[in-house]
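Asks: Have a look at the structure that comes next, please.
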Amino acid sequence: MEEKDFNNLDGQEIEQEDTSSGVLITQPFSPNDIKLSNPPMNLGDLIDMIQYDWIDFHTEYQRNEDLWSPGKQSRLIESAMLGLRLPAFYFEEVTRRHWKIIDGLQRCCAIRNFCVNESLELCELEFLDFNGKKFSDLPFDLKRDIRMLPVTVNLLNSGVPDKVKYILFKRLNTGGMELKPQEIRNAVFQGKAIELVKELAVNSAFLKATGHKIPTKRMQDQDFVTRFMAFYLLGYENYEPDLDNFMNTCLEMINHGKISEEDINHMKKDFTRGMELAYEIFGNDAFRKRESVTDNRRPINKAYFEVIAVTLAKVDENDSVLILAHKELFRTNLIAEMNRNRSYNYSFSGGTGQPDNVKRRFSRFAEILRKSINNETI
0 MEEKDFNNLD
10 GQEIEQEDTS
20 SGVLITQPFS
30 PNDIKLSNPP
40 MNLGDLIDMI
50 QYDWIDFHTE
60 YQRNEDLWSP
70 GKQSRLIESA
80 MLGLRLPAFY
90 FEEVTRRHWK
100 IIDGLQRCCA
110 IRNFCVNESL
120 ELCELEFLDF
130 NGKKFSDLPF
140 DLKRDIRMLP
150 VTVNLLNSGV
160 PDKVKYILFK
170 RLNTGGMELK
180 PQEIRNAVFQ
190 GKAIELVKEL
200 AVNSAFLKAT
210 GHKIPTKRMQ
220 DQDFVTRFMA
230 FYLLGYENYE
240 PDLDNFMNTC
250 LEMINHGKIS
260 EEDINHMKKD
270 FTRGMELAYE
280 IFGNDAFRKR
290 ESVTDNRRPI
300 NKAYFEVIAV
310 TLAKVDENDS
320 VLILAHKELF
330 RTNLIAEMNR
340 NRSYNYSFSG
350 GTGQPDNVKR
360 RFSRFAEILR
370 KSINNETI
């Protein structure tokens, strides 16, 4: 088993998770779904598209513009002036006149700043003597050479399924600060699904039950919510093949209208009720594993959150009253099971994304809840 440690971001704690599962494709996509073209282009074509606002700099795929220093931007321009091939650009084609930047934002910013709005004066050049120059200051033949430089453009054509976009972008996302899976979902599954995720992430009952300890940084709060939505709407019994695909399937189904408005409204109400019930039962200890009543307070555990949040959200009103009446026994039973059942305990910390562990922790937690409601000890 991997050594377990905890993340502590600005005093906000989440237990590190080992899902032991990457992005798997159990049903291969048709090659026809992956429509990636390589239109012949030169740098002048990109400059023109930037000038006419055909290239979208403000996409969900990217974070911030202009992160490069003037010196780094200048050296990219110097490479173009020397005739050196620039790294490949990746775009998504929304329409013929609207491309979203997938990979290459900072390079596009440098090109825009120098060749379009001329806010960049060259500096810190290593080979050429053009420090302090703007694009309009360059000799005509050098400006022509820059514009005629061939560039490699990989264009993800319109109509590509969202799941394919997710996998392709995850493979391309290797430079700079790597995006987290939820940040990629936020880009790929834009629409009703992401709006719903954002709505639940600011739900007051959710914030109270988690003690405001789940960071919004890197969309960790939205990751928790998406997990809840997937297990609530699709059911742990239907979980496969891994966590990424399971969560993506849920978002895709919502966006494509495959989950009814009635089911979504029920989920929203049950989410609030489940969070309120979790707080009434566990107080400030909600979603934190305990193996002893004298344990030090642990960070929030994602797998424990999934199980508690979904199970309590589906408890009816009569059982809610009973579990509150036996909440001390319920907490005692949970601690006892963590100590006596090693595979159950492990399902919350190692290989949490493996189907057997998912089904083990959900089914056993439900059994412990039922025994506690019936005033039975483990």
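For the sequence shown, numbering that gives the first Met the number 0 begins at 0 and goes up steadily by one. Beta carbons are placed, not taken as given, at the ideal position from N, Cα and C, and that holds for glycine.
List, from N- to C-terminal side, the beta strand (DSSP E) runs of 3 residues or more that fit wholly inside the segment 227-306.
Replies: Complete beta strand (DSSP E) runs here, min 3: none at all.
Asks: Going by alpha carbons, who is nearest to Arg84 out of Ser342, Arg287, Pro149, Ile307?
Replies: Pro149
Asks: By DSSP, does Asn356 sit in helix, in strand, or in coil?
Replies: helix
Asks: Give the DSSP-derived three-state secondary structure of Ser348 in the structure shown.
Replies: When DSSP states are grouped into helix, strand and coil, Ser348 belongs to the coil group.
Asks: Nearest-angstrom Cα distance between Thr18 and Val357?
Replies: 10 Å
Asks: Which same chain residues, not among the five before or five after Glu125, have their C-beta less than 8 Å away from its C-beta?
Replies: Arg74, Glu77
Asks: Cα-Cα, which of Glu375, Ala109, Leu154 is closest to Lys133?
Replies: Ala109
Asks: Along the chain, where does the alpha helix (DSSP H) containing Thr94 start, and where does it finish?
Replies: Per DSSP, Thr94 belongs to no alpha helix (DSSP H); it is in the beta strand (DSSP E), 88-94.
Asks: Should the segment 321-334 be called in touch with the segment 366-374, which here means at least 3 C-beta pairs below 8 Å?
Replies: yes
Asks: Secondary structure at Asn153, three-state DSSP: helix, strand or coil?
Replies: Residue state, collapsed to three classes: strand.
Asks: Assess contact between the segment 283-301 and the segment 259-271, defined as three or more Cβ pairs (one per stretch) separated by less than 8 Å. Is contact present?
Replies: no
Asks: Classify Ile334 as helix, strand or coil using the three-state DSSP reduction.
Replies: helix
Asks: If contacts are defined as beta-carbon pairs under 8 Å, then Val187 and Asp161 qualify, I think. What distance do you get, rounded to the angstrom?
Replies: 5 Å
Asks: Mind checking Asn237: buried by the 16 CB within 10 Å criterion, or exposed?
Replies: exposed
Asks: Within a Cβ cutoff of 6 Å, which residues of the same chain sit near Ala208, ignoring the five residues on either side of it in sequence?
Replies: Met274, Ala277, Tyr278, Ala285
Asks: To the nearest angstrom, how far is it from the Cα of Leu23 to the Cα of Pro298?
Replies: Bear in mind that the predicted position of Leu23 carries a pLDDT of just 49, short of 50, making it unreliable; the figure below should be weighed with that in mind. The straight-line gap from Cα to Cα measures roughly 29 Å.
Asks: Leaving aside the five residues before and after Met147 along the sequence, list all residues of the same chain whose C-beta is less than 7 Å from its C-beta, in chain order.
Replies: Asn41, Gly43
Asks: Taking C-alpha atoms, which residue in Asn283, Gly352, Asp269 lies nearest to Asp315?
Replies: Asp269
Asks: Within this structure, are the beta carbons of Glu120 and Gly131 separated by less than 9 Å?
Replies: Yes, the Cβ-Cβ distance between Glu120 and Gly131 is below 9 Å.
Asks: Between Ile100 and Asp55, what straight-line distance do the alpha-carbon atoms span, to the nearest angstrom?
Replies: A direct Cα-Cα distance of roughly 6 Å separates Ile100 from Asp55.
Asks: What are the start and end residues of each continuous beta strand (DSSP E) run of 3 or more residues lying completely inside the segment 122-149, in chain order?
Replies: none
Asks: Thinking just about the alpha-carbon of each residue, which of Glu92, Ser68, Gly82, Gln50 is nearest to the one in Pro38?
Replies: Glu92
Asks: What is the residue span of the alpha helix (DSSP H) that Asp102 lies within?
Replies: Note, Asp102: premise wrong, no alpha helix (DSSP H); beta strand (DSSP E) at 97-102.
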